[in-house]
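Those protein sequences? They're chains A and B, same order as listed. Counting along the first sequence from 1, when you hit position 15 you're at 174 in the working numbering, and nothing is skipped either side. Counting along the second sequence from 1, when you hit position 25 you're at 184 in the working numbering, and nothing is skipped either side. We put the beta carbon where it would ideally sit given N, CA and C, even for glycine. These notes concern the structure reproduced below.
Number of protein chains: 2
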Amino acid sequence: MSSAGHALFGLLHVYKRALRERYLKAGITLPLSHLRVLREIGGHQGVMARELAEALLQDKGLITRVTRELEREGLVERHPHPSDSRAAHLRLSNDGRALHERINAIEQACDAQMTAALSDDQASAFIRTVNAMTEQLDRPQESP
Amino acid sequence: MSSAGHALFGLLHVYKRALRERYLKAGITLPLSHLRVLREIGGHQGVMARELAEALLQDKGLITRVTRELEREGLVERHPHPSDSRAAHLRLSNDGRALHERINAIEQACDAQMTAALSDDQASAFIRTVNAMTEQLDRPQESP
DNA sequence: GCCCAATGGTTGATAGTGTCAACTATATCA
DNA sequence: TGATATAGTTGACACTATCAACCATTGGGC
């Protein structure tokens, strides 16, 4: 069983587990999905729910739920959007920013372990390959 | 956001979606987790639940549930294990084998699309890299 | 300016995916 | 022989994800 798909399932399973263990060890108990959203928000000065959903390839309904919970935890703040009253501008609170830095560091360490056997060039090439494969799969499959 | 982890999450999300779409198009409605188990059984002449759980990095309880459902669908047969009366020998039925061939073909086509921009050598190297990264992460993280 | 379609977000409902724990029966080992 | 390990089952529950319906606002065409 040497298919790419099988290998990827295995890697991601192990990666998620490794991440979870590291977060738990650091006392961070939020689910991975919450931390991914928090991390994405942290990459912006203000972001709309729709933008999060797109960046994370997630359902907008799910984003609503997760951001609401992050708000309730005091990690995310909701501001009026500058030019669209339908939308909120989501930002990290101070607590959220502090946590963002911690999860960034943990993820980087996890990524570093994962790519420890690769050179820097190889690791960069890997990411490029993964992104290329993602785009390749995101194309309409024959009939649009 | 160019981390390996983020890229991998994206790829697997898109890969799963692509697989699901292809299976649905082929009239196959079983969940991906069921199809993965069925596929793993198909790679053996007879296999124990524990072996499936290990190969798929899954919980044995989950394997019990999934194999039971596959049995109920007539895709998997349970035989006594040759030398261990605690264990069953799970095999595909004729229907299961027919489906196994179909999902194999579909997955190969999906993998082919995913790796269309890579040469054969690059695709093989990719799988090797993925497996190496999986092993790298599977090591005890400092304190065993 | 009006009307309709598109968009941003919320909520309901549900299925799929996955983990941990407790239990029973069997196998293994000292 | 008794203690421990193992194979599998079941209970319970959390996480992850999707689809649909709805409401309010925005955008576009006339």
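| Asked | Found |
| --- | --- |
| Runs of alpha helix (DSSP H) wholly within the segment 170-218 of chain A (minimum 4 residues, chain order) | 191-201 and 208-215 |
| Opening and closing residue of the alpha helix (DSSP H) in which residue 259(A) lies | 253-273 |
| Three-state secondary structure assigned by DSSP to residue 238(B) | strand |
| Residue 290(B) - DSSP class collapsed to helix/strand/coil | helix |
| Top-ranked residue by Cα proximity to residue 163(B), from 294(A), 236(A) and 287(A) | 287(A) |
| Interface partners of residue 172(B) on chain A, CB under 9 Å | 215, 216, 217 and 293 |
| Of the listed residues 236(B), 259(B), 265(B) and 274(B), nearest to residue 201(B) (C-alpha basis) | 259(B) |
| Residues bridged to residue 250(A) [DSSP beta-bridge criterion] | 236(A) |
| Cα-Cα separation, residue 223(A) to residue 191(A) | 16 Å |
| Burial state of residue 193(A) (16 or more Cβ within 10 Å) | buried |
| Inter-residue spacing [alpha-carbon to alpha-carbon] between residue 263(B) and residue 209(A) | 36 Å |
| Residue 185(B), buried or exposed, once every other Cβ within 10 Å from all chains shown has been counted against 16 | exposed |
| Residue 286(B) CB to nearest heavy atom of the ligand GDP below 8 Å | Ligands displayed in this structure: none; no statement on the ligand GDP is therefore possible. |
| Under 9 Å by beta carbon: chain B residues contacting residue 226(A) | Near residue 226(A) there are no residues of chain B at all, since even the closest Cβ is about 18 Å away, more than 9 Å. |
| Span separating the alpha-carbon of residue 196(B) from that of residue 241(A) | 50 Å |
| Beta carbon proximity, residue 286(A) to chain B, threshold 9 Å | yes |
| Residue 283(B) - DSSP class collapsed to helix/strand/coil | helix |
| Proximity test, Cβ basis, 9 Å: residue 276(A) and chain B | yes |
| Burial state of residue 238(A), where buried means 16 or more other Cβ atoms lie within 10 Å | exposed |
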